[in-house]
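Shown next, in structure tokens, is the structure this report addresses.
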Amino acid sequence: MADFDFDLFVIGVGSGGVRAARMCAQYGARVATAEEKYMGGTCVNVGCIPKKLFVYASHYHEDQNEAAGYGWELGSAEFNWPRLVENKDKEINRLNQIYKGMLDQSGVTHFEGRARLIDAHRIQVGDQLVSADKILIATGGRPTVQDIPGQEHLITSDDAFYLKSLPRRILILGGGYIAVEFAGIFAGLGVETTLAYRGELFLRHFDDDVRRMVRDELDKKNIKLHFQSCVASVSQQLDATFVATYEDGRQVETDLILAATGRRPAVADLGLDKVKVALRDNGAIIIDDQFRTSESNIFALGDVTDRVQLTPVAIKEAMCFASSQFGGVDSKMDYEDIATAVFCQPNIGTVGLTEAEARSKFSDVRIYLSKFRPLKHTLSGSSEQSLMKLIVDNESDIVVGIHMVGADAGEIIQGMAIAIKAGVTKTVFDSTVGIHPTAAEEFVTMRQPVVSAAG
Ligand code: NDP
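At position 301 of the sequence shown the residue is numbered 313 (my numbering), and the sequence of numbers has no breaks.
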């Protein structure tokens with residue numbers, strides 16, 4: 013080990029890279045990191061954090077309208093997009109400094125610049141050449157755009173965080189997390205929003221009741237939903253607006269087009285051709301359950317491996333990596349029952365199996381479903397509804413899926429995820445006293461299974 017400059021060199025200081033670097037350093041390893049862009053990676057700079065701030069921003073208009081039912085006369089409201097972006101940037105800058113400080117305090121040596129592998133133990137960053145016993149690739153992913161005529165007119169979620177002004181109209185392509193979240197953000201900020209998805213119904217990997225509920229709720233917010241609509245080309249008109257043409261010839265005129273059609277592992281120009289790191293067809297680095305690539309001293313984790321593209325997953329993977337490689341405790345990542353939230357409006361919170369997955373895994377399942385108008389909206393005038401769904405394996409009584417659409421679903425599902433991890437049964441739900449009046453109490457008061465369409 014002593015022959016190398018460092019015990020570990022981490023390429024990329026996003027959520028996974030920073031956690032791995034800090035923990036390995038705490039275990040006594042001599043650690044270096046390299047980053048060419050910004051501290052904190054996608055989550056801090058062009059992902060979870062600014063997205064959630066924008067979601068908050070987009071909600072105030074609705075809140076103001078709803079306040080009237082509660083007796084508030086608030087007058088007219090003005091929204092200032094540049095101020096939001098400026099304030100968001102200030103906060104992100106603060107977080108960048110915190111990330112830098114965390115690395116410094118952990119004794120990690122940080123290199124600014126693009127890191128490229130020279131061979132399995134040597135890394136070039138700018139004009140510096142360093143060596144490391146182990147290398148960890150945590151470079152994350154980048155948004156993709158479709159390969160269609162006019163693709164140069166498409167922006168991605170990275171760009172959406174830095175728009176100089178808000179468009180009057182936006183067309184969002186895709187039907188995953190980013191598409192529905194940005195649809196809610198732009199619609200809430202007063203932009204005429206259209207979402208175009210290539211399939212019958214968006215949010216493909218989510219429970220069908222959740223998907224239908226979100227469709228209905230976005231519809232109520234006047235978001236135009238174009239399903240079975242795959243954009244084949246985009247052209248710019250003389251007045252700088254755009255026309256998107258679907259495969260069947262239908263056209264949409266708009267001022268901005270956001271492609272939210274997935275993200276690819278960031279593996280370009282890393283020098284991977286100099287080492288034996290095997291990739292999947294989509295560029296994802298292939299790793300074993302110890303995050304080891306096919307080059308035995310090179311490891312990878314987080315979005316660059318395209319397992320589960322979620323910040324907390326990358327962080328947990330980083331902790332497993334650090335503990336196994338430098339902490340002396342063999343530790344494996346558990347990918348079962350990972351809870352997730354989609355910050356569309358209202359939010360989705362989900363953990364465990366969808367009804368379709370449960371039906372294919374278990375011979376008999378019970379479904380509990382509740383759709384209701386939240387107490388807040390009895391006076392607010394909003395027609396927004398909430399949905400809660402429990403999926404139970406009938407034989408064992410174990411709850412195998414919990415789903416929610418509604419305000420604060422992400423907050424509520426976090427606790428449910430602990431219960432699922434603990435192997436909770438429906439009987440335990442039934443014996444739990446609710447908190448009144450909350451939406452969450454509905455989870456412990458659903459007594460009667462429903463006959464589901466899929467059942
Ligand atoms: P997703 O993989 O979630 O969704 C991509 C969407 O684009 C799908 O609806 C997909 O359709 C569609 N699509 C893919 N290729 C094409 C194409 N060539 N033409 C038309 N449509 C296409 O990706 P996102 O970009 O939304 O997000 C990336 C990941 O980042 C997410 O999977 C998630 O893990 C993470 N993320 C998490 C968030 C959170 O935790 N709240 C927020 C944002 C992102 P189809 O379903 O038919 O394949």
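Cβ coordinates follow ideal geometry from the N, Cα and C atoms, glycine included.
Note that the structure is predicted; figures quoted are calculated from it, not measured.
- The shortest C-alpha to C-alpha distance from GLU212 to any of GLY187, LEU201 and ILE235 is the one to GLY187.
- Counting only runs of 4 or more residues that sit fully inside the segment 37-77, the alpha helix (DSSP H) segments are 53-58, in chain order.
- LEU185 and ALA208 have their alpha carbons spaced roughly 5 Å apart.
- Separation of ALA334 and ALA127 (C-alpha to C-alpha, rounded to the nearest whole angstrom) is 21 Å.
- In this chain, the alpha helix (DSSP H) harbouring VAL226 covers 220-232.
- Proximity of the beta carbon of THR253 to ligand 1 is not indicated: no heavy atom of the ligand is located closer than 7 Å.
- For PRO155, the enclosing beta strand (DSSP E) begins and ends at 153-155.
- At a Cβ-Cβ threshold of 8 Å, ILE104 and PRO62 count as neighbours.
- The DSSP-derived three-state label of MET400 is strand.
- Comparing C-alpha distances from GLY274 to each of LYS373, ILE298, SER247 and ASP318 shows the shortest one belongs to ASP318.
- The DSSP-derived three-state label of MET416 is strand.
- The shortest C-alpha to C-alpha distance from GLY153 to any of LEU284, ALA296 and ILE110 is the one to ALA296.
- For GLY125, the three-state secondary structure derived from DSSP is coil.
- The bridge partners DSSP lists for GLY361 are ALA353 and MET416.
- Non-local C-beta neighbours of TYR258 in its own chain, meaning closer than 8 Å and more than five positions away in sequence, comprise ALA208, HIS238, SER241, CYS242, VAL243, ALA244 and VAL264, ordered along the chain.
- Cβ-Cβ separation between ILE360 and ALA272: approximately 16 Å, too far for a contact (criterion under 8 Å).
- Burial of GLU367 is indicated by the presence of at least 16 other C-beta atoms within 10 angstroms of its C-beta.
- When DSSP reads this structure, PRO277 sits in a beta bridge with GLY153.
- Excluding residues up to 5 positions away in sequence, PHE311 lie with their Cβ nearer than 7 Å to the Cβ of ARG304 in the same chain.
- Under the three-state reduction of DSSP output, ASP159 falls in the coil class, being neither helix nor strand.
- For LYS433, the three-state secondary structure derived from DSSP is helix.
- Using a Cβ distance threshold of 8 Å, GLY53 and VAL25 count as a contacting pair.
- Around the beta carbon of TYR174, a 10 Å sphere encloses fewer than 16 other beta carbons of the protein chains shown; the residue is thus reported as exposed.
- The criterion of a C-beta distance shorter than 8 Å is not satisfied by VAL341 and THR151.
- Non-local beta-carbon contacts of GLN38 in its own chain, meaning distances under 7 Å to residues more than five positions away in sequence, involve SER118 in chain order.
- With fewer than three CB-CB distances shorter than 8 Å, the segment 135-145 does not count as touching the segment 219-236.
- Scanning its chain for C-beta atoms nearer than 6 Å, with the 5 sequence neighbours on each side dropped, one finds around GLY283 the residues ARG128 and LEU129, in chain order.
- Its Cα nearest to that of GLU74, the residue GLY393 stands out among ILE424, GLY393, ALA451 and ALA172.
- For PHE218, the closest of ALA452, TYR68 and MET416 by C-alpha to C-alpha distance is MET416.
- Residue pairing from DSSP places PHE384 in a beta bridge opposite SER398.
- Going by DSSP, HIS238 is part of the beta strand (DSSP E) stretching over 236-238.
- Of the other Cβ atoms in all chains shown, fewer than 16 fall within 10 Å of the Cβ of ALA89; this residue is therefore exposed.
- Counted as a single uninterrupted DSSP element, the alpha helix (DSSP H) harbouring SER335 occupies residues 323-337.
- THR323 and ARG210 have their C-alpha atoms some 27 Å from each other.
- Judged by the Cβ position, VAL456 fails to qualify as a neighbour of ligand 1 at the 7 Å threshold, every heavy atom of the ligand being at least this far.
- ARG459 and VAL325 have their alpha carbons spaced roughly 34 Å apart.
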